[in-house]
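See structure below.
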Amino acid sequence: MTLCRPAPLPVVAFHALLRRLCMPALLAMLAIATQAAAQPVRLLTFDAPPFASKSGVAVGQPGIYVEIMQALLKELGLTGEVEFVGNAEGQQIAREQANVVFFPLARNAAREDQYQWLGSVMDQELGFVTLADKGPVSSLDDGRKLRRLGAIEGSSALRYIESRGFDNIVRGNANDLVRMLVRGEIDGYFSGFLILRRVAQEQGLSTRFAFGHVAVVGKPWFAAGKNAPAIDLARWQASLARLEADGTVARIRKSYLGE
């Protein structure tokens, strides 16, 4: 019996067959990539001057981190508007919804696995502030002796004093707590010094306060939620690093702090 070998496919027919087999997979991969690229990234912050200032938006000073984010979007070739929400609300949205960036956010052990960390470009001292005529708080123990101590809801400052057993805490937003301190409704305020100095300056109260014991120095971060397929973490980190290297970050920071 004679065995016949099947004739080889012509080259053109082979290429046509290859296209039929591979094209669906290629189209599916392209669709996934296009969908990820098209997904909008939501940018959230809260009123925390000088990092983000809701009242400063109208006068061209929206805050250091807001301006850095605007420069970062330009570097990435993206567009977007920064939204102001509550601090605790913004953190929750970033954790629960897709493609959300929230800032500024302190990085700590409790939050480490809840977010992706895009970068930080500043330090922030956390400590006690009182009215100047009452004198500064010189230690954590002195802070515990205050009748009522203010801290921003959802902030790393609040978490810090809660973790150390303070039971005299009054929670609120930055502007309200400053007014409460001036009116004597709280006896002290535990906060980031940069935030408090800026709020006091905006309210014409800069000479009224004594800045006391610095309990910890932290870093405010740009953070994204874990469910963020539209955010290429390495690309965002590299773009932020370029803004630091070319002086953009320093220029923005100087325009607010004069350093």
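In the working numbering, the protein residues as written are 939 to 1197.
Virtual Cβ for every residue (Gly too), placed ideally from N, Cα, C.
Under the criterion of beta carbons closer than 8 Å, Pro988 and Leu1132 qualify as touching, at roughly 6 Å.
Rounded to the nearest angstrom, the gap between the Cα atoms of Ser1129 and Ala1166 is 30 Å.
By the Cβ-count criterion, Ala1032 is buried, with 16 or more other Cβ atoms from all chains shown falling within 10 Å of its own Cβ.
Judged by DSSP in its simplified three-state form, Ser1193 adopts helix. Listed as beta-bridge partners of Leu1069 by DSSP are Phe1147. Nearest Cα to His1151 within the set Arg1136, Asp1125, Pro1158 and Asp1079: Asp1079.
Contact between Asp1125 and Arg1086 is confirmed by a C-beta separation of about 5 Å, below the 8 Å threshold. Between Leu1043 and Gly1018, the CB-CB gap reaches or exceeds 8 Å.
In the structure shown, Val979 falls within a coil segment according to DSSP collapsed to helix, strand and coil. Using a 10 angstroms sphere on the CB of Asn1025, the tally of other CB atoms reaches 16 or more, which defines it as buried. Secondary-structure assignment with DSSP links Ile1107 through a beta bridge to Leu1087. Ala1112 has its alpha-carbon roughly 12 Å from the corresponding atom of Lys992.
Nearest to Val1004 by alpha-carbon distance, out of Val1023, Thr983 and Leu1016, is Thr983.
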